[in-house]
Amino acid sequence: MLDTVSASLPRAARRLFATLLIAGCSVVVLGQGPASACPAASGSGTTQDHTMNVSDVFTGDVAGVTRDDRTITYDVRVDRVYKGEVQTADVLVTTSAKARSCTGVELTNGRSYVFFAQADGSDLSIARADGTARAGDQLVKQVERLLGDGHAPTPPEPKTATFTRVAHAEPQTLPRLAAPGLALVLVGLLGLLVVRRVGSR
Numbered sequence: 001m002l003d004t005v006s007a008s009l010p011r012a013a014r015r016l017f018a019t020l021l022i023a024g025c026s027v028v029v030l031g032q033g034p035a036s037a038c039p040a041a042s043g044s045g046t047t048q049d050h051t052m053n054v055s056d057v058f059t060g061d062v063a064g065v066t067r068d069d070r071t072i073t074y075d076v077r078v079d080r081v082y083k084g085e086v087q088t089a090d091v092l093v094t095t096s097a098k099a100r101s102c103t104g105v106e107l108t109n110g111r112s113y114v115f116f117a118q119a120d121g122s123d124l125s126i127a128r129a130d131g132t133a134r135a136g137d138q139l140v141k142q143v144e145r146l147l148g149d150g151h152a153p154t155p156p157e158p159k160t161a162t163f164t165r166v167a168h169a170e171p172q173t174l175p176r177l178a179a180p181g182l183a184l185v186l187v188g189l190l191g192l193l194v195v196r197r198v199g200s201r
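Counting in UniProt numbering, the sequence shown tops out at residue 201, every number present.
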């Protein structure tokens, strides 16, 4: 069909037609770019999805930022804990620093956020798809509707010593405790008498 159209058009028209055809194909190819681009900074799922897919949910202020070639580390002052085992008021949260990884989360120092984090032992990390976002009233209300009012970060209570009573065990009486000592005293006195009698002969 294209050959038929080209044959029936003057040379200038054929060039214009070819240019428009190439431009149209370019628009189609370029238009497909955003579909495969990084997800939005606040994640692609709902708030309920985010709360279910992570181990820890808490609010806090970014108090410091350090970065290297691979990792961004945020010093976070924790406000409320809604899910997970965060027990201190200060935690470190890491994310990828690689621009092309589509996983890193850029946070602003001094701002408050709702953190949807994954715990690996005592380490916490966040990813773009997990939903970490500014702690606006609407998002906080959604989290509280799903997870409750939360609580302040509190360290675990120190373990107290416990004493177990041994069954049928009773403390020894004073005579029983003193008996071995008295026996030694008697043996010593008898020995002294024997020595004196031998010496008097």
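We put the CB at the ideal spot given by N, CA and C, even for glycine. In this text the structure is predicted, and so the values were computed from the model without any measurement.
Looking at A135 and T59, is the spacing between their C-beta atoms short of 8 angstroms?
Yes, the Cβ-Cβ distance between T59 and A135 is below 8 angstroms.
Let me know the beta strand (DSSP E) ranges lying completely inside the stretch 93–132, each 3 residues or longer, listed in chain order.
112–120 and 123–125
With distance defined between alpha-carbon atoms, name the residue in D61, T71 and L92 nearest to D79.
D61
Assign G45 to one of three DSSP states: helix, strand, or coil.
coil
Bridge partners of H151, per DSSP?
V81
Nearest to T88 by alpha carbon, out of P153, L192 and V143?
P153
Output the boundary residues of the beta strand (DSSP E) element that contains G60.
Start and end: D56 to R67.
Which class does T71 belong to by DSSP, given the choice of helix, strand or coil?
Strand.
Tell me the rounded alpha-carbon separation between S112 and E157.
28 angstroms
Suppose contacts are defined by Cβ-Cβ distances below 8 angstroms. Is F116 in contact with V57 by that definition?
Cβ distance < 8 angstroms, so F116 and V57 count as in contact.
Closest to T46 by C-alpha separation, out of A129, V185, E85 and L190, would be which residue?
A129
Taking all protein chains shown into account, decide if A183 is buried (16 or more other Cβ within 10 angstroms of its Cβ) or exposed.
With fewer than 16 other Cβ atoms from the protein chains shown falling within 10 Å of its own Cβ, A183 counts as exposed.
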